[in-house]
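Beneath this line is the structure, given in structure tokens, with notes to follow.
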Amino acid sequence: MKVLITGGKSSPSYKIVKAFQDDQVLLADYGDIPAFSAGQYQFITLGEKNEETIAHNLLNACLDHGVEMILPLHEFEVAAVAKASLLFSEFGIQVLLPELTELPKYFHSQEDVARGQNWALFIHGELIYSPAPDTLIEETGRSKNLNGVFYIPEDFQSPTAILFTIS
1315 MKVLITGGKS SPSYKIVKAF QDDQVLLADY GDIPAFSAGQ YQFITLGEKN EETIAHNLLN
1375 ACLDHGVEMI LPLHEFEVAA VAKASLLFSE FGIQVLLPEL TELPKYFHSQ EDVARGQNWA
1435 LFIHGELIYS PAPDTLIEET GRSKNLNGVF YIPEDFQSPT AILFTIS
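Set out below in structure tokens:
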């Protein structure tokens, strides 16, 4: 499967590549990007950032590169892509985000995330990858039908899942 992950110039995106070991990953970002590819991933540019046409630009990039799954990591992309998820699905592209109506539950400032906090990738509630899998993470994903990459805080004062984004 071909997966597009945005925020490709950021170190968090490199961590997430581990979750897609059996897939071809495109690390995409805005502006200039390194002309480099490794066995599992390659970099692509999304052109200049234009927040008014984010979903359109990302859909075009997915179609141009034969992408089957997209994981938007930039905070400014999340709402636009969630709103357009039906359009993406009509082109056979799975969006790894919560439903638009569910987004406010999980969209928190990354300052709410403890340093070194573990993250996990879920697809429709199924735990696909976690650097430190455990029962709590798996149960949280299943009970909330999580879709995307989330931090699952260990303390219960925090929200039970925080969407993984970069600013």
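Residue numbers for the sequence shown follow our numbering, beginning at 1315 and rising by one.
Just so it is clear, CB atoms sit at the ideal spot from N, CA and C, and this is done for glycine as well.
As the structure is a prediction and not an experimental result, all values here were calculated from the model.
Query: Proximity below 8 angstroms, CB of Ile1368 to CB of Phe1357; Result: no
Query: Alpha helix (DSSP H) segments (min. 4 residues) lying fully within the stretch 1374-1410; Result: 1389-1397 and 1399-1404
Query: Chain B contact for Ile1347 (CB, 8 angstroms cutoff); Result: Of the chains in the structure shown, none is chain B; there is only one protein chain.
Query: Residue closest to Asp1378, alpha-carbon to alpha-carbon, out of His1438, Val1395, Leu1360 and Ala1394; Result: Leu1360
Query: Spatial distance of Phe1402 from Glu1468 (CA atoms); Result: 34 angstroms
Query: Rounded distance between the beta-carbons of Leu1387 and Ser1444, thought under 8 angstroms; Result: About 17 angstroms separates the two Cβ atoms, so there is no contact after all.
Query: Alpha-carbon spacing of Ala1446 relative to Gly1439, whole angstroms; Result: 17 angstroms
Query: Residue interval of the alpha helix (DSSP H) (run including Thr1479); Result: Neither: Thr1479 is in no alpha helix (DSSP H) and is coded neither H nor E.
Query: Per DSSP, the bridge partner or partners of Phe1357; Result: Leu1341
Query: Glu1413 versus Val1392: straight-line alpha-carbon distance, rounded; Result: 11 angstroms
Query: Under 8 angstroms between C-beta atoms of Cys1376 and Ile1407; Result: yes
Query: Nearest candidate by alpha-carbon position, reference Leu1417, set Ser1399, Asn1432 and Ala1434; Result: Ser1399
Query: Residue of Ser1457, Val1395 and Phe1436 minimising C-alpha distance to Phe1464; Result: Phe1436
Query: Continuous beta strand (DSSP E) stretch holding Glu1440: start and end; Result: Glu1440 to Tyr1443
Query: Leu1372 versus Tyr1420: straight-line alpha-carbon distance, rounded; Result: 22 angstroms
Query: Check whether Thr1454 and Thr1474 have beta carbons under 8 angstroms apart; Result: yes
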